[in-house]
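**Q** All the letters of the sequence shown, read from the start, carry residue numbers 112 to 306 under the numbering used here.
For every residue, glycine included, the Cβ atom is placed at its ideal position computed from N, Cα and C.
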Amino acid sequence: MKLSVKTDISDQECAELLSKAPDLSPQEYVILQQYLHQIGRPFRTYTDIPHPEYSLVLPPVAKRPLDITAGEHTYSCFSSHSGNSSIQFHDRFTQTLHTGFIHTILQLPLEGVLQSFLLVQEHLALPLSEEQKAPYIQYPELMTRIVNAAPSSKVFIIEPHHIITHLTTLYQPQGSYSIPFDTYVVCWALNRGRR
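(1) Classify residue 162 as helix, strand or coil using the three-state DSSP reduction.
(2) Look at the Cβ atom of residue 248, then the Cβ atom of residue 241, and state whether they are nearer than 7 Å.
(3) Residue 220: buried (16+ other C-beta within 10 angstroms of its C-beta) or exposed?
(4) When you compare only the Cα positions, how much space is there between residue 283 and residue 293?
(5) Inspect the beta-carbon positions of residue 297 and residue 276 and report whether they are closer than 7 Å.
(6) Name the residue from 232, 120, 254 and 222 whose alpha carbon lies nearest to the alpha carbon of residue 189.
(7) Using DSSP's beta-bridge definition, name the partner residues of residue 181.
(8) Counting C-beta neighbours from all protein chains within 10 Å, is the total for residue 222 16 or more, i.e. buried, or is it exposed?
(9) Are the beta-carbon atoms of residue 258 and residue 234 separated by less than 7 Å?
(10) Pick out whichever of 132, 260 and 215 has its Cα sitting closest to the Cα of residue 142.
(11) So, helix, strand or coil for residue 271, using DSSP?
(12) For the beta strand (DSSP E) holding residue 302, just list the boundary residues, first then last.
(13) Can the beta-carbon of residue 200 be found less than 7 Å from the beta-carbon of residue 274?
(14) Cutting at 8 Å between CB atoms, please list the residues of its own chain near residue 271, excluding the five before and the five after it.
(15) Would you identify the three-state DSSP class for residue 150, choosing helix, strand or coil?
(16) When you compare only the Cα positions, how much space is there between residue 193 and residue 255?
(17) What number of angstroms, rounded off, separates the C-alpha of residue 288 from the C-alpha of residue 197?
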């Protein structure tokens with residue numbers, strides 16, 4: 112099922128969604144709330160009761176679609192489709208670009224709108240001594256680099272409009288380019304300078 116990025120939602124639809132959605136993990140809840148606070152949306156923790164009148168309260172549950180469609184592009188969780196989960200994205204706080212895999216997609220109603228948030232595991236950079244064994248660092252015009260296939264512990268929370276492009280990825284087994292562990296070759300040339 113393809114879900115849109117942002118959709119107005121009625122009170123009844125909101126109640127139905129919240130009654131059926133799985134719980135957020137404590138870690139997901141904290142990073143989502145921190146993200147919302149950083150962008151100026153002061154949602155309170157649902158356990159901080161009593162809530163002042165008209166306060167915004169972050170629900171403790173969210174839908175977990177395996178994919179979403181933003182514009183003409185479908186983005187998926189790594190567990191669902193590894194190719195559609197590999198993205199280049201913009202970090203709104205540091206104004207830098209990163210690459211990674213979409214680990215989780217969360218959808219929840221906030222202020223009458225069903226919104227999507229993506230938890231992205233950044234690709235784990237190789238030590239320079241290992242990265243130099245592959246040719247990509249010498250050819251920046253290829254818009255390609257080699258990264259560790261092991262998942263990074265660094266998780267970004269982004270919204271779909273922070274995605275710049277899908278990446279092409281090529282799995283390389285241990286020993287490729289004499290690198291002693293599994294890697295991915297990732298390329299962001301699909302963007303073709305559009306974003």
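**A** Reading it off the structure:
(1) Reduced to three states, the DSSP call for residue 162 is coil.
(2) Not closer than 7 Å, so no.
(3) Buried is the label assigned to residue 220, since at least 16 other Cβ atoms lie within 10 Å of its Cβ.
(4) Straight-line spacing of the CA atoms in residue 283 and residue 293 works out to 6 Å.
(5) No, the pair does not count as a contact, with Cβ atoms beyond the cut-off.
(6) Among 232, 120, 254 and 222, the Cα nearest to that of residue 189 is on 232.
(7) Partner(s): 184.
(8) By the neighbour-count rule (16 or more Cβ atoms within 10 Å), residue 222 is not buried but exposed.
(9) Yes. Within cutoff.
(10) Taking only the C-alpha atoms, the option nearest residue 142 is 215.
(11) Helix at residue 271.
(12) Note, residue 302: premise wrong, no beta strand (DSSP E); not H, not E.
(13) For residue 200 and residue 274, yes; Cβs fall inside 7 Å.
(14) For residue 271, where only same-chain residues beyond five positions count, the Cβ hits under 8 Å are 116, 179, 181, 186, 227 and 229.
(15) Here DSSP, grouped into helix, strand and coil, assigns residue 150 to coil.
(16) Distance between the alpha carbons of residue 193 and residue 255: 18 Å.
(17) Taken atom to atom, the span from the alpha-carbon of residue 288 to that of residue 197 is near 22 Å.
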